[in-house]
Structures are given as C-alpha cells and as structure tokens.
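The letter at position 135 of the sequence shown is residue 135 when you use the UniProt record's numbering, and the numbering goes up by one with no holes.
To keep things clear, I will list the structure first and then write my remarks on it.
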Amino acid sequence: MAQPVLKKIAIEDMRPGMYVVDSGLSWLEYPYLYMKEGMISSQVAVEAIVAEGYSEAVIDTELSIGISRGGESGEEALSRDLDALPDFFPPPPIVSVAEELDKAKFVYSDSVRYARSLMEGVRMGGAVDLAASTTLVEDIIGSVTRNCDALTGLSKLRSFDEYTFSHCVNVSVLCVVFGRFLGKSEEELRLLGLAGLFHDVGKQLVPTAVLNKPDKLTPEEFAVMKQHPLLGCKHLYGQEAGRSMEQAVLLGMLEHHEKYNGTGYPRGLSGSRISEIGRIIAVVDVYDALSSRRVYKAPMHPHKALGLMYSMRGKEFYPGYVERFIKCLGIYPVGSTVRLNTGHVAVVAASNPREPIQPLVMLVADKAGPIVPRRLDLSGQYTVRIESTLDPVEVGIDPVAVLENAA
C-alpha cells in the first residue's frame with residue numbers, strides 16, 4: 001500500500017522546502033487554511049503567509065524537502081490502529097453489487113432531485129417535508145442493507161452539476177453506511193440519515209452575497225457563515241414537524257463543524273461535549289468534501305482523502321472515529337481505480353472490513369492493454385497487492401460500468 005503522504009500542519013510549523021497542496025477543502029469553511037499549491041521557497045515566504053492571517057496548511061511529505069521521515073510510517077501507524085480496533089462487522093450483503101446497482105442508481109438520482117427541491121424550498125422560506133425526507137432515508141437504508149457498496153460507490157462516481165445537492169445525499173448515504181458499521185439500530189440509522197441530509201440546510205439561509213462571494217470572506221463575513229448550522233436548526237425547529245423531530249437530528253446539524261480540539265463552530269465544543277452523531281457527521285462531511293468533484297477542482301482520490309483525515313485524528317476528529325471510518329470504507333473504497341504490483345489495472349468492487357488493504361477487485365487491464373474483466377479477491381493473495389491509485393479518467397476506465405459486471 002502506498003502510504004498516506006498528505007499532512008495538515010499549523011502555520012508555525014511551516015518551513016522552507018515544504019510542498020503545500022491544494023486540498024480542495026472549501027475556503028468558506030476553512031478560511032485560514034493556506035491552499036496555494038507549491039514549494040515554500042524561503043522563510044520570507046513563510047512570514048508573508050503568516051502575515052496574511054493563515055493558520056494551517058496541508059503538505060505533501062513526499063514532495064517536501066528536508067523533512068525527516070524517521071520512525072513509524074503513516075502506513076504502519078494506520079495498519080496498527082486499524083488492527084487495534086475491536087472486531088465488529090455488519091451483516092454480509094444480501095445481494096451482489098451488480099444486482100443492487102440499478103436500484104441504487106434510482107435511489108441516488110431520486111435523492112439528489114429531492115435534495116434540490118428541499119434546498120430551494122428552504123431558500124424560499126418553505127417548510128421541510130419531514131415525512132418525505134424520512135421515506136427517502138428509508139430507501140437509502142434499504143439499499144445499504146442489501147449491499148452497502150453499491151450506494152457507497154455511486155456517491156463517489158456519479159457526477160452532478162450541483163455539488164450542494166449531491167453533497168447532502170452523499171453525507172446521508174455515508175452516515176448510514178458508517179452507522180451500520182458501528183452497529184447502530186435501524187432507528188439510529190434513520191436519525192443519522194436525516195441529520196446527514198439536513199446538515200447544510202442552514203447555508204440556504206446565509207445571505208447570498210456571502211454564500212456566493214468569489215473572493216475570500218472577511219472575518220465579519222465568515223462569522224456570518226459560521227452561523228449556518230444554527231440557522232438550519234432554527235429553521236427546522238420553527239416548524240411543527242421540526243419540533244417533533246428527535247434531538248439527535250438537530251444535534252447532528254448543529255455540531256457537524258465542531259472539532260475535537262475545540263477550534264470548530266458555532267459553539268467551540270471540544271472532546272466529549274460533542275455528541276456522537278456530531279462526531280460521525282463531522283468525519284463524513286469532510287471526507288465527501290475532499291473526495292468530490294467540483295466545478296473548480298478535481299476530486300481528491302478517496303485513498304488520499306482518508307490519508308489526510310488520518311493525520312487529523314485526535315485533533316479535529318474525535319479519537320477512533322476516522323480509524324473506524326477507514327475500516328468501514330476500506331483503505332481503497334469501492335469504485336477506486338488502482339494499479340496492482342503485477343501491472344494490472346483494477347477497480348475495487350467490494351470492501352473487506354477484516355482486511356482493509358485487501359479488497360475484492362475487478363481486473364480490467366494488464367500491461368498490454370484492456371482485458372476481459374475478471375474478479376480477484378486480494379484477501380486470498382499473498383504476493384499480489386495494490387501498488388498505487390489511479391485517476392479513472394486518465395486511464396480511460398468507467399468504474400460504474402465495471403461494477404455493473406462485478407456479479
């Protein structure tokens with residue numbers, strides 16, 4: 001496995017020779033994260049970045065110069081942490097990925113259409129239809145129960161023009177998938193799915209001039225933006241259906257930007273003061289933001305996104321949750337395009353929570369070119385392993401088409 005090389009650092013730890021990467025995190029939510037990609041050339045450059053008010057950056061340790069890599073590697077630390085987690089595995093899938101994929105496509109597309117109408121309705125001051133939202137989440141739970149890998153893969157592979165709407169659906173789907181991995185009851189999964197679907201409705205209540213501003217927000221504007229979790233909760237609680245909503249849903253909406261170290265918002269909660277549902281959505285929200293395609297950026301490969309988040313464990317994220325999320329999705333999530341040490345190109349077709357670095361893959365090409373796709377379960381292999389991740393667009397692979405034939 002290629003070890004995670006992305007690491008989030010405090011600006012006071014920045015040194016000449018470090019290579020900063022554009023992580024793709026929204027500057028609306030991370031306004032103090034320096035994201036201009038390139039090598040830090042001098043101490044003067046560091047001081048200029050500090051003077052501009054930035055407090056954090058993401059660096060690529062492999063591209064950086066003069067950084068010690070002694071001691072335990074990222075790969076070794078991650079493997080050790082995953083091995084140390086208590087063994088709990090959700091029930092096995094009822095059907096194959098290929099069998100569930102058509103149903104999952106319908107559920108996903110229908111969910112994005114619903115999220116669009118939901119958000120546009122909130123923007124116009126309308127009420128949220130809790131009954132319709134619950135039905136949608138129950139459809140998501142049904143698909144995840146039959147085979148969680150189908151919807152999980154689609155959440156990263158389907159391309160929609162409006163990130164805002166697909167993001168709400170992705171967070172809902174991944175909250176259900178993660179909750180099921182954690183052993184939550186069906187009722188708890190329903191609450192997680194609703195909180196994920198609603199988590200960003202408050203953004204529709206932020207003044208358009210702030211929400212759509214093309215430049216960096218001023219401190220005053222960012223203070224307004226930080227109120228969106230509270231605005232969303234107030235909007236739902238202000239309607240009759242919202243007042244009957246379980247508190248966990250409102251807590252998830254309110255706390256999805258809180259951080260374990262107390263640097264989040266809107267209340268600056270830390271440690272155990274953050275509810276479990278808030279901890280779960282915080283992890284899922286950042287993962288989807290990092291790994292989604294936007295108009296202005298290509299998606300970060302899920303493998304790299306998980307590696308970056310692993311470097312933030314116990315700081316921004318409550319201890320144990322990122323590690324469990326990685327074990328849930330697999331170090332190489334479903335739909336990932338990878339290269340094996342044999343030279344084969346493959347698509348990850350099913351996760352393997354027991355051995356996250358050894359998923360089931362579909363081989364689609366060898367060194368000579370495309371081949372008739374065939375399955376290979378890496379958990380039964382001792383010499384074949386994943387060597388690197390690939391951009392499916394660059395290698396001409398359609399992962400969804402591959403998954404359709406993964407029965």
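For every residue, glycine included, the Cβ atom is placed at its ideal position computed from N, Cα and C.
The structure presented is a predicted model; accordingly, all values stated were derived computationally and were not measured.
### Message
Spatial neighbours of A381 within its chain, please: C-beta separation below 8 Å, excluding the five flanking residues on both sides.
### Response
Before going further, note that residue 381 is Gln rather than Ala in the sequence given. The answer, listed in chain order, is Q358.
### Query
Nearest to M14 by CA position, among S41, Y30, D22, V5, is which residue?
Per the Cα distances, S41.
### Message
Quick check: I9 and S55, are their CB atoms within less than 7 Å of each other?
### Response
Going by C-beta atoms, I9 is not nearer than 7 Å to S55.
### Task
Mark Y89 as exposed unless 16 or more other C-beta atoms lie within 10 angstroms of its C-beta, in which case mark it buried.
Per the sequence presented here, residue 89 reads as Phe, with Tyr not at that position. Under the 10 Å beta carbon count, F89 is surrounded by fewer than 16 other beta carbons and is classified as exposed.
### Query
Using DSSP with H/G/I as helix, E/B as strand and the rest coil, what is R293?
In this structure, DSSP gives R293 a state outside helix and strand, which the three-state scheme calls coil.
#### Entry: Between the CA atoms of E221 and Q247 - distance to the nearest angstrom
Each residue's alpha carbon lies about 29 Å from the other.
### Query
Alpha carbon to alpha carbon, what distance is there between S272 and L136?
Their Cα atoms are separated by approximately 31 Å.
### Message
I'd like the span of the alpha helix (DSSP H) that includes R180, first residue to last.
### Response
In the DSSP annotation of this structure, the continuous segment of the alpha helix (DSSP H) that includes R180 starts and ends at 163-181.
### Task
Give every residue of the same chain whose Cβ lies closer than 6 Å to the Cβ of G262, excluding the five residues on either side of it in the sequence, and list them in chain order.
Taking G262 as the centre and dropping the five residues before and after it, the same chain places the C-beta of G268, S270 closer than 6 Å to its C-beta, in chain order.
### Query
Could you give the distance in angstroms between the alpha-carbon of F178 and the alpha-carbon of P92?
Going by the C-alpha atoms only, they are around 14 Å apart.
### Task
Tell me, please, whether the region 325-337 touches the region 345-354 by the rule of three or more beta-carbon pairs shorter than 8 Å.
Judged by Cβ distances under 8 Å, the region 325-337 makes contact with the region 345-354, as three or more pairs qualify.
### Message
Only counting the same chain, and skipping five residues up and downstream in sequence, which positions put a Cβ closer than 7 Å to that of A150?
### Response
Taken in chain order, the residues that qualify are V97, E100, L101, A104, S143.
#### Entry: Reduced DSSP secondary structure (H/G/I, E/B, other) of G330
G330 falls in the coil class under three-state DSSP.
### Task
Throw me the rounded Cβ distance for the R339 and L306 pair, which I believe falls under 8 Å.
The pair is not a contact, with the Cβ atoms about 18 Å apart (cut-off 8 Å).
### Query
How would you write the range of the beta strand (DSSP E) that D377 sits in, first residue to last?
From DSSP, the beta strand (DSSP E) with D377 extends over 369-377.
### Task
Let me know the secondary structure DSSP gives Y19 once reduced to three states.
In this structure, DSSP gives Y19 an extended state, which the three-state scheme calls strand.
### Task
Please name the residue or residues paired with E56 in a DSSP beta bridge.
Under DSSP, E56 forms a beta bridge with A10, L33.
### Task
May I ask you to list the residues that DSSP assigns as paired with residue 440?
With the chain represented from 1 up to 407, any question about residue 440 goes unanswered, as that position is not in the structure.
### Message
Quick check on F89: does DSSP put it in helix, strand or coil?
### Response
Here F89 sits in coil by DSSP.
### Query
Can you tell me whether E52 is buried or exposed, with buried defined as 16 or more other CB within 10 angstroms of its CB?
Exposed.
### Task
Return yes when the Cβ of V21 is within less than 7 Å of the Cβ of E37, no when it is not.
Yes.
### Message
If you reduce the DSSP assignment to three classes, tell me which class A406 lands in.
### Response
Note: A406 maps to coil in three-state DSSP.
### Query
Where does the unbroken beta strand (DSSP E) through L118 begin, and where does it stop?
Note, L118: premise wrong, no beta strand (DSSP E); alpha helix (DSSP H) at 97-123.
#### Entry: E72 to M119 span [Cα, whole Å]
Reliability fails at E72, whose pLDDT of 48 lies under 50, so the model's placement of it is uncertain and the value that follows must be treated cautiously. Going by the C-alpha atoms only, they are around 46 Å apart.
### Query
Based on Cα-Cα distance, which residue from H301, G278, E355, Y32 lies nearest to Y318?
It is G278.
### Counted within 10 angstroms of its Cβ, other Cβ atoms place M18 as buried (16 or more) or exposed
M18 counts as buried, since at least 16 other C-beta atoms from the protein chains shown sit within 10 angstroms of its C-beta.
### Proximal residues to L231 (C-beta, below 6 Å), its chain only, five neighbours per side dropped
Within the same chain, Cβ atoms closer than 6 Å to the Cβ of L231 are found at G202, L205, the five residues on either side in sequence being excluded.
### G71 (DSSP reduced to helix, strand or coil)
Any reading at G71 must be qualified, since the residue scores a pLDDT of 48, below 50, and its modelled position is unreliable; no value is offered.
#### Entry: Whole-number beta carbon distance between V171 and I281, since they are thought to touch under 8 Å
Confirmed, about 7 Å.
### Message
For L33 and A48, which I take to be in contact (beta-carbon distance under 8 Å), what is that distance rounded to the nearest angstrom?
### Response
Going by Cβ atoms, the distance from L33 to A48 rounds to 16 Å, so no, they are not a contact pair.
### Rounded separation between H301 and A401 - CA only
Taking the straight line joining both Cα atoms gives about 19 Å.
### E47: first and last residue of the uninterrupted alpha helix (DSSP H) it sits in
E47 -> alpha helix (DSSP H) spans 43-51.
### Message
Rounding to the nearest angstrom, what Cα-Cα distance links C168 and S117 in this structure?
### Response
Between C168 and S117, the C-alpha separation is close to 12 Å.
### Message
So, with DSSP's three-state summary, where would you put G396?
### Response
Note: G396 maps to coil in three-state DSSP.
#### Entry: Member of M362, A298, Y310, C328 whose CA lies at the smallest distance from the CA of E394
Of the candidates M362, A298, Y310, C328, the one whose C-alpha sits nearest the C-alpha of E394 is A298.
### Message
With a threshold of 8 Å on Cβ separation, who are the neighbours of V210 within its own chain once the five nearest residues in sequence on each side are excluded?
### Response
In chain order, L217, E221, V224, M225 place their CB closer than 8 Å to the CB of V210, counting only its own chain and leaving out the 5 sequence neighbours on each side.
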